[in-house]
Every structure is written in C-alpha cells, then in structure tokens.
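In my numbering, the protein residues as written are 341 to 679.
Data first, discussion second: the structure below is written as structure tokens.
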C-alpha cells in the first residue's frame with residue numbers, strides 16, 4: 341500500500357510538544373514521512389521522518405498507543421497531513437508549517453476507514469464497514485454526506501469533477517471486479533467499469549487510469565492482473581497473470597519519470613504497453629518489499645517481516661543504493677516533500 345505526495349515544512353516537534361532532540365542543521369532539507377502500519381490489534385502504528393541522504397536524521401514522530409491500530413494511509417492537503425488509522429476508526433490530522441504538530445482527531449465510528457483524498461475544502465474517505473465514501477468538510481472536520489457503494493471501497497483518485505473508487509471486495513468478502521466513477525457535484529455513481537478482480541491501487545496518467553489487482557482462486561491460488569481505463573472513450577483493457585502461492589507481484593503502482601511501474605517482492609517492474617510486466621529487469625534488488633513510493637529523485641522501498649524493526653531502503657531511479665533506515669513494523673505508505 342502506498343500513496344506518495346509532495347510536502348513542505350521547515351522543522352519538527354513531537355505530538356506532545358517536545359523537541360525531537362535532533363539539532364542537525366539539515367533537518368529541513370529533502371525529508372520524507374514514512375507511515376508504519378503496525379500489527380493488527382497491537383496499536384503500534386507509527387509515523388517516521390527521514391532525510392533520504394542523511395541517516396542521522398531518522399526520527400519517530402509519533403507511535404505506540406498514541407497513533408493507534410493499523411495506520412492505513414497518509415495524504416497531504418495543503419499544510420495538513422491526514423493519517424488514516426483503519427482499526428482505530430479515525431483520522432489523525434497533523435499541521436505542517438514551521439513545526440509539525442498534532443491538530444485533531446476525526447472519529448469515524450466503526451467505519452474501518454482506508455484511504456483519503458481531497459479537493460479544496462472537501463475530503464473523501466473510503467470505509468469498508470460502511471460500504472460507503474464519507475464526504476468531509478475540512479473546515480469543520482465533520483462528515484457532511486455519505487455516498488453508498490456496493491462492496492468495500494478502497495483506493496481513491498480525484499480527477500476534475502470525478503472521484504474514482506476501486507472496490508476489491510463485496511460485502512461478503514468475496515472478490516469484486518469494479519471501479520466506479522462518482523460525480524463530485526451530484527454525489528452519484530455515473531459509471532461502473534469491469535476490471536480484473538480485486539482492484540486495489542490506481543494511478544492516473546493523462547486520460548488513462550491504471551488499476552492493479554490481486555485475487556484468489558477456488559484453491560486459494562493467487563492471481564494478479566492489471567487494467568487500464570481510457571477515460572476519454574470508456575474502454576477497458578485488462579490482462580491477468582496466473583500466479584501461484586509464491587507470488588512476487590505486489591499491488592503498488594508508481595510513476596517514475598514518464599513510465600509506470602508495479603511493485604514486486606524485490607523492487608519495481610516496468611509496465612509494458614500491453615500491460616505485461618518486465619520481470620527480467622527489476623529495479624531495487626531488495627527482499628520482502630511490501631510498499632514502494634517515488635519522488636523526483638528517489639525510490640522508497642518498505643521491507644518487512646511483519647515484526648518491528650523493519651527497514652526502508654532509498655535508491656535513485658536506477659536502483660542504486662542511497663541509504664536505508666530502521667523503522668517500525670510494516671512500513672506501508674510514504675509522503676515525500678521538497679523545498
């Protein structure tokens with residue numbers, strides 16, 4: 341899981357107002373956030389900060405009991421960072437400016453929130469338990485409307501007047517194969533696209549929306565696939581890979597330069613024009629890769645054995661090693677900023 345956003349601020353403090361204790365003069369140059377999910381039921385989710393080329397600035401911003409149970413995703417909106425904590429049913433909001441500070445908690449009662457996007461003063465959060473998209477007023481931090489969907493909504497992509505939602509599971513936990521398009525003005529579903537079952541991450545490039553998928557066969561064999569929706573024509577192109585229980589293909593999609601890549605257990609594989617993957621030229625070369633992020637200069641690989649501590653590897657776009665960082669359990673999302 342991942343969603344990479346560019347962010348900017350100049351110095352950092354802990355949630356409780358104490359300084360980090362790190363006086364490195366380069367603290368505010370080329371930094372990034374790493375969100376560690378933590379283990380289900382353990383309330384050990386954590387938010388970390390790094391400077392990609394300076395391992396001494398690695399800092400845990402907040403974690404343990406304070407952040408909550410299973411941190412799912414993080415999203416930047418203007419000068420605020422929204423951290424979705426799935427099993428604690430809440431969104432933690434951090435304010436970014438000269439300092440970083442905890443601003444408030446938005447409670448999503450029994451909602452199992454997953455992902456968050458925003459445009460202007462309106463936010464959208466996908467909620468599995470509610471089978472719905474909640475609409476938030478970001479000025480008042482309150483829920484102002486609900487858009488019901490059929491199944492469990494996952495990733496969200498905003499494009500002009502439309503919100504695209506991947507739905508990997510039906511309400512009975514069976515696989516779904518739909519991406520829905522919702523009008524942000526009418527708040528109604530205006531298109532439903534059939535894609536490879538188990539749609540998850542999405543990446544919008546021009547007028548094409550790419551969707552990664554993973555689902556299980558009757559014998560629990562693993563299948564992965566990729567779909568492309570041409571939003572201008574409404575046509576869908578899909579391909580499915582017959583994988584096995586030792587699958588190396590993961591779900592994260594990232595754009596590097598003008599090319600699209602999909603994550604694997606060892607790095608990134610380029611997506612070819614026919615939606616196949618170039619598995620012979622993996623960028624990265626790590627092990628146990630769980631998540632991937634990218635910015636204009638670096639690639640970020642979250643590696644995990646599902647027990648803290650875990651490691652984030654930073655490389656350039658060619659895969660050459662830049663640095664690595666010891667972080668909390670299950671690094672799953674990145675928010676990256678430059679000055």
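Every residue, glycine too, gets a C-beta built ideally from N, C-alpha and C.
- Rounded to whole angstroms, the separation of the alpha carbons of residue 669 and residue 383 is 11 angstroms.
- Apart from the 5 residues on each side of it in sequence, residue 565 sits with its Cβ closer than 7 angstroms to the Cβ of 536, 553, 578, 579, 580, 581 in its chain, given in chain order.
- By a beta-carbon distance limit of 8 angstroms, residue 489 does not contact residue 453. Their separation comes to about 14 angstroms.
- Excluding residues up to 5 positions away in sequence, 663, 664, 665 lie with their Cβ nearer than 8 angstroms to the Cβ of residue 395 in the same chain.
- Cβ-Cβ separation between residue 633 and residue 676: approximately 6 angstroms, consistent with a contact (criterion under 8 angstroms).
- In the same chain as residue 539, and ignoring 5 residues on each side of it, the C-beta atoms closer than 6 angstroms to its own belong to 506, 508, 519, 551, 553, in chain order.
- Taken through DSSP and simplified to helix, strand or coil, residue 536 comes out as coil.
- Here residue 446 is buried, its C-beta having at least 16 other C-beta atoms within 10 Å.
- For residue 523, the uninterrupted beta strand (DSSP E) segment begins and ends at 515 to 523.
- Relative to the Cα of residue 621, the nearest Cα in the group 614, 628, 602, 636 belongs to 602.
- Approximately 5 angstroms separates the beta-carbon atoms of residue 455 and residue 466; this is inside 8 angstroms, confirming the contact.
- Beyond the five residues adjoining it in sequence on each side, residue 515 comes within less than 8 angstroms, by CB distance, of 508, 509, 537, 538, 555, 556 in the same chain, given in chain order.
- Look at residue 505 here: in three-state DSSP terms it is strand.
- In chain order, 410, 412, 452, 453, 454 place their CB closer than 7 angstroms to the CB of residue 426, counting only its own chain and leaving out the 5 sequence neighbours on each side.
- Beta-bridge annotation (DSSP): residue 671 is paired with 376.
- Residue state for residue 630 is assigned as strand, using DSSP reduced to three classes.
- Residues 523, 524, 525 of the same chain have their beta carbon placed closer than 8 angstroms to that of residue 501, with the five preceding and five following residues left out of the count.
- Nearest Cα to residue 646 within the set 658, 626, 635, 672: 672.
- In the displayed model, residue 510 falls within coil according to three-state DSSP, outside both helix and strand.
- In the DSSP assignment, residue 442 falls within the unbroken beta strand (DSSP E) covering 440 to 447.
- Judged by beta-carbon spacing, residue 402 lies beyond the 7 angstroms limit of residue 429, meaning their Cβ atoms are not closer than that value.
- Between residue 652 and residue 667, the C-beta gap is smaller than 7 angstroms, which places the two residues in contact.
- Just measuring C-alpha positions, the residue of 657, 378, 486, 478 sitting nearest residue 420 is 478.
- Of 532, 595, 558, 417, the smallest CA-CA separation from residue 574 is found for 532.
- In the DSSP assignment, residue 459 falls within the beta strand (DSSP E) that extends over 453 to 459.
- Judged by DSSP in its simplified three-state form, residue 579 adopts strand.
- In the DSSP assignment, residue 488 falls within the unbroken beta strand (DSSP E) covering 482 to 488.
- Residue 463 sits in a strand when the DSSP states are folded into three classes.
- DSSP places residue 655 inside the beta strand (DSSP E), whose first and last residues are 650 to 655.
- Within the DSSP secondary-structure output, residue 552 pairs in a beta bridge with 566.
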